[in-house]
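K.L.:
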Amino acid sequence: MLRPTMFLRGASRPLMAARSTAIRAYSVQAPQLAGVDPSKLVIQRTSTPSELMKEEDLVFGRTFTDHMLSVEWTANDGWAAPRITPYQNLSLDPATCVFHYGFSCFEGMKAYRTASGKIRLFRPHKNMARLSNSSARIALPGFDSDAMVDCISKFVALEEKFVPKTRGYSLYLRPTMIGTQRTLGVGPPGSALFFVIASPVGPYYPSGFKAVSLEATSNYVRAWPGGTGDKKLGGNYAPCILPQQEAAKRGFQQNLWLFGEEGYVTEVGTMNLFTCWVNKEGVKEIITAPLDGTILEGVTRDSILALAREFLTKEGWQVSERKYTIKEMADAADEGRLLEAFGAGTAAVVSPVRRIAWDGGVGGTQKDIMVPLPEGKEAGPIAERIWKWMAERQYGDIESEWSYPVKLSSS
Ligand SMILES: *Cc1c(COP(=O)(O)O)cnc(C)c1O
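First residue of the sequence shown? That's 1497 in the working numbering, and the numbers climb one at a time after it.
And the structure:
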């Protein structure tokens, strides 16, 4: 399909940009910059609405809805009026800083259709607060989460027909922030663009869970203390593809990212990891790595911790956010104490693990850590229950403060 092209203020008018910079240089008082204002939203509808694809033909991240949401920002004026326009290409000068220095961060969230046909976002303020933090880390603008959620909600309402009706399906939203300043100078971008595109997606496991095999990786490091692994920056992801390809060549679906000589267990691929075991004190424990700056603060992770604290502690489980090592996992497996392990993220919600290959660490020997799975099943009972608790809240079966209703014009 031929797409029209969007011209950006900051990017395509270098003369204006130069003038603005000069004004900025001698303004003594900090200017009162405009915040994101959802009441200023301008909507330009497409004149060529697309046919809906058959739900079963959807491939993750390949088809997009008819429109996109954009909000431009400049250092002089702050946020411009939000706009919903036809989905279209961006026009950016080749010198734009996003291409050279990685001024890019993003989010992944979903809109779900309830049984009665309503639309819900799941904890969208968490995603917007996280994007605002990611953005600030790379000298791009922060913003008010409420205002941005309001804009996104209006965008989703406009794209209502693209939110699939079948349970397990959803509309994946990709909010993104990029630096749009046209300069090769390394510095804080004077202009930025926030945009959201949306893609209808099917269930991660169309025919039930499929437990994955992981390779424990220590020759590559995903995140480190003082680094940016706790932010959703574009630059964190490209370097993880080669290690994944190498693991795939050896027959593993994902990397289990270890850190340090101790072999701390951090994350799996682009998901947080949960381990269930009977700990050395003989107590059932569900454990995940703590938010020490090397762990992405997953919305799924946070939700699972809250659900575990609400429901599993009553059954004698201990819920822990603390450091643990791959050696502790291997010992637990050897001693029959390892119960389950699963990744956690928006795309799959939970992704059960069956096996972890580990080189044994410094001076150690290669080991296969086998995570038990019930006879004939691809997920353990905790993973299955958590998946169900999450779905009930995402699809609005259960009223929950996590579920954010999208106001539809028809209702
Ligand atoms: C996005 C992401 C997650 C999961 O976050 P959710 O908010 O649960 O989707 C976990 N780890 C990394 C590295 C991520 O990029």
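C-beta: ideal position from N, C-alpha, C; glycine also. Just so we're clear, the structure is a prediction, and the values are computed from it rather than from any experiment.
If you draw a straight line from the C-alpha of Gly1675 to the C-alpha of Leu1667, how long is it?
P.N.:
The residue you call residue 1675 lines up with position 179 of the sequence shown. The residue you call residue 1667 lines up with position 171 of the sequence shown. Approximately 26 Å between the Cα atoms of the pair.
K.L.:
Is DSSP giving Met1549 helix, strand or coil here?
P.N.:
Numbered from 1 along the sequence shown, position 53 holds the residue referred to as residue 1549. Of the three classes helix, strand and coil, the one that applies to Met1549 here is coil, per DSSP.
K.L.:
Say the cut is 6 Å; is the CB of Gly1839 nearer than that to a heavy atom of ligand 1?
P.N.:
Counting from 1 along the sequence shown, the entry for residue 1839 is found at position 343. Gly1839: no, Cβ never under 6 Å from ligand 1.
K.L.:
Sorted by chain position, which residues of the same chain lie with C-beta nearer than 6 Å to Ser1905's C-beta, five sequence neighbours on each side aside?
P.N.:
On the sequence shown, residue 1905 is found 409 positions in, with the first residue counted as 1. Correct list: empty, nothing qualifies.
K.L.:
Could you check the C-alpha separation between Asn1585 and Gln1540 for me, to the nearest Å?
P.N.:
The residue given as residue 1585 occupies position 89 in the sequence shown. The residue given as residue 1540 occupies position 44 in the sequence shown. Roughly 15 Å separates the two Cα atoms.
K.L.:
As a quick exercise: from Ala1576, Val1795, Asn1715, pick the residue whose alpha carbon is nearest that of Lys1728.
P.N.:
Working through the sequence shown from its first residue, we reach residue 1728 at position 232. Lys1728 has its Cα closest to that of Val1795, out of Ala1576, Val1795, Asn1715.
K.L.:
Under 8 Å: do the region 1547-1556 and the region 1653-1668 share three or more Cβ pairs, one atom per stretch?
P.N.:
With a cut-off of 8 Å on Cβ pairs, the region 1547-1556 is in contact with the region 1653-1668, counting three or more such pairs.
K.L.:
Scan the region 1591-1623 and note each continuous alpha helix (DSSP H) run of 4 residues or more that stays entirely inside, going in chain order.
P.N.:
Runs found: 1593-1597.
K.L.:
Would you kindly work out how many angstroms separate the C-alpha atoms of Ser1587 and Ala1840, rounded to a whole number?
P.N.:
For the purposes of this step, residue 1587 is taken as residue 91 along the sequence shown, with counting starting at 1. For the purposes of this step, residue 1840 is taken as residue 344 along the sequence shown, with counting starting at 1. C-alpha separation (whole angstroms): 36 Å.
K.L.:
Specify the secondary structure class of Ile1894 as computed by DSSP and reduced to three states.
P.N.:
As a position in the sequence shown, residue 1894 is number 398, starting the count at 1. Correct three-state label for Ile1894: coil.
K.L.:
Within 8 Å, do at least three Cβ pairs link the region 1868-1885 to the region 1826-1840?
P.N.:
yes
K.L.:
What span of residues does the beta strand (DSSP E) with Leu1769 cover, start to end?
P.N.:
Sequence index remark: in the sequence shown, residue 1769 carries index 273 (1-based). Its beta strand (DSSP E) spans residues 1767-1774.
K.L.:
Using 6 Å as the cut-off, classify the Cβ of Thr1861 as near or not near the heavy atoms of ligand 1, replying yes or no.
P.N.:
Counting from one through the sequence shown, the residue named residue 1861 turns up at place 365. Checking every heavy atom of ligand 1 against the Cβ of Thr1861, none is found closer than 6 Å.
K.L.:
Specify, as a first and last residue, the run of the alpha helix (DSSP H) that Leu1792 falls within.
P.N.:
The residue labelled residue 1792 in the question sits at position 296 within the sequence shown. Bounds of any alpha helix (DSSP H) do not take in Leu1792, whose DSSP letter is neither H nor E.
K.L.:
May I have the straight-line CA-CA distance separating Ile1882 from Leu1803, to the nearest angstrom?
P.N.:
Position 386 of the sequence shown, counted from the first residue, corresponds to residue 1882. Position 307 of the sequence shown, counted from the first residue, corresponds to residue 1803. Roughly 8 Å separates the two Cα atoms.
K.L.:
Just the Cα atoms here: how many angstroms apart are Thr1713 and Thr1542?
P.N.:
What you label residue 1713 is simply residue 217 of the sequence shown in a count that begins at 1. What you label residue 1542 is simply residue 46 of the sequence shown in a count that begins at 1. Their backbone Cα atoms lie some 47 Å apart in a straight line.
K.L.:
Closer than 6 Å: is that where the CB of Asn1775 sits relative to any heavy atom of ligand 1?
P.N.:
Here residue 1775 refers to the residue found at position 279 of the sequence shown. No, Cβ of Asn1775 sits at least 6 Å from all heavy atoms of ligand 1.
K.L.:
Could you round the C-beta distance between Pro1578 and Cys1647 to whole angstroms and report it? I think they count as a contact, below 8 Å.
P.N.:
Along the sequence shown, read from residue 1 onward, the residue named residue 1578 stands at position 82. Along the sequence shown, read from residue 1 onward, the residue named residue 1647 stands at position 151. Contact flag correct, Cβ pair sits at about 5 Å.
K.L.:
Go ahead and pull the three-state DSSP assignment for Ser1566.
P.N.:
Counted from its first residue, the sequence shown places residue 1566 at position 70. In this structure, Ser1566 counts as strand in the three-state DSSP scheme.
K.L.:
Is Ile1615 near Val1902, with beta carbons less than 7 Å apart?
P.N.:
For the purposes of this step, residue 1615 is taken as residue 119 along the sequence shown, with counting starting at 1. For the purposes of this step, residue 1902 is taken as residue 406 along the sequence shown, with counting starting at 1. Yes.
K.L.:
Which of helix, strand or coil does DSSP assign to Pro1868?
P.N.:
On the sequence shown, position 372 is the one that residue 1868 refers to. Residue state, collapsed to three classes: coil.
K.L.:
Residue range of the alpha helix (DSSP H) that Ile1822 falls in?
P.N.:
The residue given as residue 1822 occupies position 326 in the sequence shown. 1822-1830 is the extent of the alpha helix (DSSP H) around Ile1822.
K.L.:
Could you tell me if Asn1715 is buried or exposed, where buried requires 16 or more neighbouring beta carbons within 10 angstroms of its beta carbon?
P.N.:
Reading the sequence shown from its first residue, position 219 is the one you call residue 1715. Its Cβ having fewer than 16 others within 10 Å, Asn1715 is exposed.
K.L.:
Beta carbon of Leu1792: closer than 6 Å to some heavy atom of ligand 1?
P.N.:
For the purposes of this step, residue 1792 is taken as the residue at position 296 of the sequence shown. Result yes, Cβ under 6 Å from ligand 1.
K.L.:
For Gly1604, I'd like the list of residues in its chain whose CB is within less than 6 Å of its CB, leaving aside the five on either flank, ordered along the chain.
P.N.:
Along the sequence shown, read from residue 1 onward, the residue named residue 1604 stands at position 108. Hits under 6 Å: Thr1842.
K.L.:
Can you give me the C-alpha to C-alpha distance between Lys1622 and Leu1792, rounded to a whole angstrom?
P.N.:
The count along the sequence shown starts at 1 and reaches residue 1622 at position 126. The count along the sequence shown starts at 1 and reaches residue 1792 at position 296. Spanning the two alpha carbons is a distance of roughly 13 Å.
K.L.:
Tell me whether Ala1571 is buried or exposed, calling it buried when 16 or more other Cβ atoms sit within 10 Å of its Cβ.
P.N.:
Sequence index remark: in the sequence shown, residue 1571 carries index 75 (1-based). Ala1571 is buried by the Cβ-count criterion.
K.L.:
Any heavy atom of ligand 1 inside 6 Å of the beta-carbon of Thr1766?
P.N.:
Here residue 1766 refers to the residue found at position 270 when the sequence shown is read from its first residue. The answer is yes for Thr1766.
K.L.:
Which first and last residues belong to the alpha helix (DSSP H) in which Ser1641 is found?
P.N.:
Start at 1 with the first residue of the sequence shown, and residue 1641 comes out as number 145. Taken as a continuous stretch (DSSP letters only), the alpha helix (DSSP H) holding Ser1641 covers 1641-1654.
K.L.:
Opposite Gln1814 in the DSSP bridges: which residues?
P.N.:
Numbered from 1 along the sequence shown, position 318 holds the residue referred to as residue 1814. According to DSSP, which records beta bridges pairwise, Gln1814 is partnered with Glu1781.
K.L.:
Note down the Cα distance separating Ser1641 from Ala1625, rounded to an integer number of angstroms.
P.N.:
Sequence index remark: in the sequence shown, residue 1641 carries index 145 (1-based). Sequence index remark: in the sequence shown, residue 1625 carries index 129 (1-based). Taking the straight line joining both Cα atoms gives about 6 Å.
K.L.:
Assign Arg1541 to one of three DSSP states: helix, strand, or coil.
P.N.:
As a working mapping, residue 1541 is identified with position 45 in the sequence shown. DSSP places Arg1541 in coil when its eight states are reduced to three.
K.L.:
Could you tell me which residues DSSP puts in a beta bridge with Phe1690?
P.N.:
Mapped onto the sequence shown, residue 1690 falls at position 194. In the DSSP output, where bridge partners are listed per residue, Phe1690 has Val1567, Met1673.
K.L.:
Find out if the Cβ-Cβ distance for the pair Thr1790, Ala1719 is shorter than 7 Å.
P.N.:
By one-based count along the sequence shown, residue 1790 stands at place 294. By one-based count along the sequence shown, residue 1719 stands at place 223. In this structure, Ala1719 lies closer than 7 Å to Thr1790 by Cβ.
K.L.:
With H, G and I counted as helix, E and B as strand and the rest as coil, what does DSSP make of Ala1635?
P.N.:
As a first step, residue 1635 is located in the sequence shown; it is residue number 139 there, counting from the start. Three-state DSSP puts Ala1635 in coil, outside helix and strand.
K.L.:
What number of angstroms, rounded off, separates the C-alpha of Phe1639 from the C-alpha of Glu1568?
P.N.:
The residue labelled residue 1639 in the question sits at position 143 within the sequence shown. The residue labelled residue 1568 in the question sits at position 72 within the sequence shown. The straight-line gap from Cα to Cα measures roughly 12 Å.
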